[in-house]
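A short worksheet on the structure shown next.
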Amino acid sequence: MLGEIVGGNGRIGSAIRRFAGDDLYCTRKLDKIGVNSPTNTPIFVCTGVENLEEVVSKTEPSRRRDLVFMQNGLVRSLLVDLEEDQTIAVLYFSVLERNGPAKEGGCSYVQGRWAQEFCNILK
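In the UniProt record's numbering, the protein residues as written are 1 to 123.
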């Protein structure tokens, strides 16, 4: 298993799941985050900015450094509070509807612990 995805049923989450194949555990809303995938694997966070504090609070503390954030909006203040080396992705593609095709808009930018793994998924 490659890792875990939070928000895997939305527009971006469904695209990430397709890119990754069947290698991501799709966390349900009430699930604890970080317990359904192997340690030291990425946890892709495909939720709105308004849900990030809840996502972090539901994530096992030992797995918070595995979070990969890809939100529309600034997450810097949340990351400063976490004091971890999370991965941040600025995606330059759009998905107009759930399970719809991804439309490329340029090079995406990814920085952090899981940057290379995430780039491999996007290829």
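All C-beta atoms in this analysis are idealised placements derived from N, C-alpha and C, irrespective of residue type, glycine included.
Chain-order list of residues whose beta-carbon lies under 6 angstroms from that of residue i (same chain, five-residue window excluded)
{"i": "L78", "result": "L52"}
{"i": "Y109", "result": "V90"}
{"i": "Q71", "result": "V49"}
{"i": "R113", "result": "D85, T87"}
{"i": "Q111", "result": "I88"}
Straight-line gap, residue i to residue j (C-alpha atoms, nearest Å)
{"i": "V49", "j": "V75", "result": "7 angstroms"}
{"i": "L67", "j": "K29", "result": "16 angstroms"}
{"i": "V90", "j": "A102", "result": "15 angstroms"}
{"i": "E117", "j": "N40", "result": "12 angstroms"}
{"i": "R11", "j": "F19", "result": "13 angstroms"}
{"i": "K123", "j": "L24", "result": "16 angstroms"}
Bridge-paired residues (DSSP) for residue i
{"i": "I88", "result": "F69, Q111"}
{"i": "A20", "result": "Its beta-bridge partners do not exist; DSSP assigns none."}
{"i": "T27", "result": "V6"}
{"i": "E104", "result": "F93"}
{"i": "V45", "result": "V6, F69"}
Same chain, Cβ closer than 8 angstroms to residue i, neighbours up to 5 away in sequence not counted
{"i": "Y92", "result": "E104, G105, G106, C107, S108, Y109"}
Whole-number beta carbon distance between residue j and residue i, since they are thought to touch under 8 angstroms
{"i": "K32", "j": "E54", "result": "Their Cβ separation, rounded to whole angstroms, is 12 angstroms, which puts K32 and E54 out of contact at 8 angstroms."}
{"i": "V56", "j": "R64", "result": "7 angstroms"}
At a cut of 8 angstroms, does the segment 4 to 20 reach the segment 37 to 49 through at least three beta carbon pairs? Of all C-beta pairs linking the segment 4 to 20 to the segment 37 to 49, three or more are shorter than 8 angstroms, placing the two stretches in contact.
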